[in-house]
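Worksheet for the structure shown next.
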Amino acid sequence: MAALPAVGSRAPDFTLPSTSGSDVTLSKLRGKNVLLAFFPLAFTSVCTSEMCEFSTDYGQFRSANTEVLPISVDSIPTLKEFKAKERLTLDLLSDFKRDVCRAYGTLLEDKFFSARAYVLIDGDGIVRWTFMEQSTGNRRENAELLQELAKLK
């Protein structure tokens, strides 16, 4: 598996479709911190609890001037169904062609979905913190992610 972008490097730009119905372009979010949260697949237990917690704590991320962008290889119809079923408050991005997962080094080529990984990008588009789980069954807690965000101020 490839490596996550180096801390201190410019984050690879991308545009992906979102469950909001419009595309999201990373470079258009300059001025805000961005947390990319790559997750394997919608409707799986760990991903479901992770996305529900992101929804619950969404206000804390917003207070930290941070846009949370969960990314999976699921299609938009699948992600919309997942969002509705779990009553998620944040929009999910579809990397159906897997280009962004490849650019960020998270694609598990043998499984054809993403590892669970986090990339924290500052308002200038620079990677400030990354973490990739050794197992897709593990995840970071929001408290840890918010602590990393607090270091950016």
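Quick note: the sequence shown uses the working numbering, first residue 4, plus one each step. The C-beta atom is built at its ideal place from N, Cα and C for all residues, glycine as well. Since the structure is predicted, the reported quantities are computational estimates derived from the model, not experimental observations.
Notebook entry, point to check: Could you give the C-beta distance for V71 and D98, rounded to a whole number, given that I count them as a contact under 8 angstroms?
Noted result: As a first step, residue 71 is located in the sequence shown; it is residue number 68 there, counting from the start. As a first step, residue 98 is located in the sequence shown; it is residue number 95 there, counting from the start. V71 to D98, Cβ: 15 angstroms. No contact.
Notebook entry, point to check: Where are the beta strand (DSSP E) runs, 3 residues long or more, that stay fully inside the region 88 to 133, in chain order?
Noted result: 120 to 124
Checklist line | Where L19 falls: helix, strand or coil (DSSP) | finding: Taking the sequence shown and counting its residues from 1, one reaches residue 19 at position 16. Three-state result, L19: strand.
Checklist line | Residue from D125, S48 and R33 whose Cα sits closest to the Cα of K154 | finding: To locate residue 154, count along the sequence shown from 1; it is residue 151. The shortest C-alpha separation from K154 is found at D125.
Next item on the list: State the DSSP-derived secondary structure class of V37, mapped to helix, strand or coil.
Entry: Locating residue 37 in the sequence shown gives position 34, counting from the first residue. Looking at V37 - three-state DSSP - the assignment turns out to be strand.
Check: Can you list, in chain order, the residues of its chain whose CB lies under 7 angstroms from that of D60, leaving out five sequence neighbours each side?
Finding: Along the sequence shown, read from residue 1 onward, the residue named residue 60 stands at position 57. Counting only Cβ-Cβ distances below 7 angstroms, and skipping sequence neighbours, we find N145.
Check: Taking one C-beta from the region 109 to 125 and one from the region 79 to 87 each time, how about it: are there three or more such pairs within less than 8 angstroms?
Finding: no
Note to self: Here's a check: name, in chain order, each residue in its chain whose Cβ is nearer than 8 angstroms to the Cβ of L91, leaving out the five neighbours to either side.
What the structure shows: Position 88 of the sequence shown, counted from the start, is the residue given in the question as residue 91. Result list for L91: M54, C55, F57, S58 and F85, in chain order.
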